[in-house]
Amino acid sequence: MGQYFIFFILALLAEIIGTISGFGSSILFVPLASFILDFKIVLGITAVFHVFSNLSKIVLFKKGINKKIAFRLGIPAVLFVTLGAWLTNYIPQKEIEFGMNIIILLLAIYLMTGRHKSLKESNTNLYLGGTLSGFLAGLIGTGGAIRGITLAAFNLEKDAFIATSALIDMGVDSSRAIVYIMSGYFHQEHIIYIPFLITISILGTYAGKRVLHFIPERKFQYIVLGVILTTSILQTVRYFW
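Position one of the sequence shown corresponds to residue 436 (this note's numbering), numbered consecutively onward.
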């Protein structure tokens, strides 16, 4: 039970940070949580947790949803998240974990350089961003940062950014949760934790929304990226150790 208490604390912190930064909670939460729980169990619980998390964001930020962007980015994301989640049954777990750490490490470095700001506002980038973010979400448990990079090109206001991203993520997480449950990543014993996950998703999203009014978003993003870099490096060292 002790490891699940730590898991819930991490989930709450990641939810607050994910709401504020716009990268999504999984880019920080999945590598951290896999320190204390089996990676595939983390994938299963995280997917179910994010379904409630996205519902909270949609309710709290619903006025900002851009349906056109959500549709064009969301459809390929939902299609390819299923493929990525299905592949976790066939690729060895250690290789998936190592791939996750390397991808997150490179992504964090890329975000820190600021080069993602040059991404063009186009339907092609929406389709590509949806495809890549969905596939990675299914395979390694996180694709929110790529979705965030894609959405950033459209200069959405904070509320619109968070709400639109949450609507897309709702479809992504619902799809991969079904595949993970069918693959045995979410066990019957984990059902008891659902009320805690619902509470954490609501509290974390609300707290993140409140904090958004006081913390400069760009500075906070660099702090988050620093934490993500450190976590990825530690996980990579742990893999080789």
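Where a beta carbon is used, it is the ideal one built from N, C-alpha and C, also for glycine.
What is the residue span of the alpha helix (DSSP H) that residue i lies within?
i: tyrosine 562; result: 558-575
i: tyrosine 545; result: 528-548
i: lysine 555; result: Segment: none, lysine 555 is in no alpha helix (DSSP H) and carries neither H nor E.
i: leucine 518; result: 502-522
Using 10 angstroms around the beta-carbon of residue i, count the other beta-carbons present and answer buried if the total reaches 16, otherwise exposed.
i: asparagine 558; result: exposed
i: glutamine 670; result: buried
i: methionine 535; result: buried
i: phenylalanine 649; result: exposed
i: aspartate 473; result: exposed
i: lysine 475; result: buried
i: threonine 665; result: exposed
i: glutamate 530; result: exposed
i: phenylalanine 440; result: exposed
Per DSSP, what kind of secondary structure is residue i in: helix, strand or coil?
i: phenylalanine 589; result: coil
i: aspartate 604; result: helix
i: tyrosine 620; result: coil
i: lysine 492; result: helix
i: tyrosine 628; result: helix
i: phenylalanine 470; result: coil
i: tyrosine 615; result: helix
i: phenylalanine 649; result: coil
i: glycine 578; result: coil
i: tyrosine 439; result: helix
i: serine 460; result: coil
i: tyrosine 641; result: helix
i: tyrosine 657; result: helix
Roughly how far, in whole angstroms, is the beta-carbon of residue i from the beta-carbon of residue j, given that I think they are within contact range, below 8 Å?
i: arginine 645; j: valine 516; result: Wrong, their Cβ atoms sit about 30 Å apart, outside the cutoff.
i: proline 466; j: serine 667; result: 6 Å
i: lysine 492; j: alanine 598; result: 7 Å
i: isoleucine 471; j: phenylalanine 442; result: 6 Å
i: glycine 681; j: leucine 508; result: Residue 681 is absent from the model: the chain starts at 436 and stops at 676.
i: alanine 482; j: tyrosine 615; result: 5 Å
i: phenylalanine 487; j: isoleucine 633; result: 5 Å
i: isoleucine 663; j: isoleucine 539; result: 6 Å
Review point. Between the stretch 600-610 and the stretch 521-539, do at least 3 Cβ pairs fall closer than 8 Å?
Key: no
Review point. Can we say the stretch 530-547 touches the stretch 624-638, given the rule of at least three CB pairs closer than 8 Å?
Key: no
Review point. Is the stretch 446-454 in contact with the stretch 567-578, if contact means three or more CB pairs nearer than 8 Å?
Key: no
Check your understanding: Do the stretch 484-501 and the stretch 584-597 meet, that is, are 3 or more Cβ pairs less than 8 Å apart?
Key -> yes
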